[in-house]
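Peer 1: First residue of the sequence shown: 502, per the working numbering; consecutive thereafter. Positions of the beta carbon are idealized from the N, C-alpha and C atoms, including for glycine. No experiment lies behind these values; they were computed from the predicted model shown.
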Amino acid sequence: MTSTRKTYIIANWKMNFTPGEASLYLHRLEGRIKPSRNVQVILAPSTVSLQPLSLQINRRQFKLAAQNFYWRDYGAFTGETSVSQLRGFVDYAIIGHSERRYIFNESEEDIANKVAAALRNNLIPILCIGETAMERRDGETAAAIYSQLANGLHEVSKEDISKLIIAYEPVWAISSNKNAHAAKPADIDEAQALVRKHISKVYGKGVGESIPVLYGGSVDHLSAGGYLSIEGIDGLLIGGASLIADSFCAIVEIAKGMKS
Ligand code: PEP
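1) Checking 8 Å against the spacing of the C-beta atoms, do residue 645 and residue 636 come in under that value?
2) Whole angstroms are fine: how far does the CA of residue 543 sit from the CA of residue 559?
3) In whole angstroms, what is the alpha-carbon distance linking residue 597 and residue 674?
4) How would you label residue 624, buried or exposed, when you count the other beta carbons within 10 angstroms and need 16 or more for buried?
5) Use the C-beta contact count for residue 610: other C-beta atoms within 10 angstroms, 16 or more gives buried, fewer gives exposed.
6) With a Cβ-Cβ cutoff of 8 Å, do residue 451 and residue 514 count as a contact?
7) Got a sec, what are the start and stop residues for the alpha helix (DSSP H) residue 491 sits in?
8) Rounded to whole angstroms, what's the CA-CA distance from residue 567 to residue 588? Just pull it up for me.
9) Does DSSP put residue 603 in a helix, a strand or coil?
10) Can you give me the Cβ contacts of residue 503 inside the same chain, cut-off strictly under 6 Å, excluding the 5 residues immediately before and after it?
11) Check residue 728 in the structure and name its three-state DSSP category.
12) DSSP three-state label for residue 743, please.
13) Using 10 angstroms around the beta-carbon of residue 626, count the other beta-carbons present and answer buried if the total reaches 16, otherwise exposed.
14) If I measure Cβ to Cβ from residue 629 and keep anything under 6 Å in the same chain, skipping five residues before and after, which residues do I get?
15) So for residue 841, helix, strand or coil by DSSP?
16) If I measure Cβ to Cβ from residue 511 and keep anything under 6 Å in the same chain, skipping five residues before and after, which residues do I get?
17) Please identify the residue among 534, 578, 605, 653 whose C-alpha is closest to the C-alpha of residue 753.
18) Measure from the C-beta of residue 637 to each C-beta in chain D and report whether the shortest distance is under 8 Å.
19) Please report the distance separating the alpha-carbon of residue 639 from that of residue 688.
20) Per DSSP, which one or two residues make a beta bridge with residue 544?
21) Give the DSSP-derived three-state secondary structure of residue 734 in the structure shown.
22) Flag residue 598 as yes when its Cβ comes closer than 7 Å to any non-hydrogen atom of ligand 1, and as no otherwise.
23) Give the straight-line distance between the Cα atoms of residue 571 and residue 703, rounded to the nearest whole angstrom.
24) Is residue 660 near ligand 1, going by C-beta to nearest heavy atom under 7 Å?
25) Determine the contact status of residue 736 and residue 508, defining contact as a CB-CB distance below 8 Å.
26) With a cut-off of 8 Å on the beta carbons, I'd call residue 551 and residue 590 a contact; round off their distance for me.
What follows is the structure in structure tokens.
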């Protein structure tokens, strides 16, 4: 983590909390996490909680992210929510999460369309990429990372690339909660270097070096400091531990401590 750059700590609450529970939980976080210029805390609740939470949050303290949306702006798409419907409530959008890729069969084309839709609506895309256990076993980690980046960024221009955040989330490390499956610093260092190499090659060295690259995969307050100390990692995307106030607040404190 380079000290002059902003650190992002993102809470992916997934399909947890009713709007009432999300509001109470946010209230607990509000009392414990003070605004910081160097550490941006982003909360990603369920779609149904975005509107009420957007009225409750202090935007200097927290920003909101959508976990999902449909890429068309409006139309006959029963059951879907467009990014243009969400943009008044959120500043960021998580795109390409492995649960969307592998449970809901989102294609690379869907993901590229979503990145373009987020940018078109002035939201910051948080593009998630990462290899499966099988790809890693078969020595295809670099190929998987390069192809997800090339496909996901297909529509992104040179002007827009610096607006994105990339989250490296190896699929085998997500929700594993087992030390044996934890990603090792060397794996993450290698992956962030691959991301920066690809972006440098396509968009230029400056943005390749400066684009925020986060890590996600079973991070908790015990492991956060180690991951944040990897040079080239600019923050964390946190699932399970973000649902536990003590753990999440401790992670934010660690990130702030490393910036002071
Ligand atoms: C995630 O879903 O993005 C994630 C990192 O989850 P967890 O922290 O639970 O592994």
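Peer 2: Checking against the coordinates, here is how it stands:
1) yes
2) 12 Å
3) 16 Å
4) Classification for residue 624: buried.
5) exposed
6) The first residue shown for the chain is 502 and the last is 761, placing residue 451 beyond what the model contains.
7) Summary: the structure shown does not reach residue 491, with the chain confined to residues 502 through 761, and so no result is reported for it.
8) 9 Å
9) helix
10) Low local confidence applies: a pLDDT of 47 at residue 503 is under 50, so the model's placement there is unreliable, with the coordinate-based value given in what follows. Excluding residues within five positions, none has a Cβ falling inside 6 Å.
11) helix
12) helix
13) buried
14) 597, 598, 668, 670
15) Residue 841 cannot be examined here, being either before or after the span of the chain that is shown, 502 to 761.
16) 543, 738
17) 534
18) Although the question refers to chain D, the structure presented lacks it and comprises just one protein chain.
19) 15 Å
20) 512, 565
21) coil
22) yes
23) 27 Å
24) False, no ligand heavy atom lies under 7 Å from that Cβ.
25) yes
26) 4 Å
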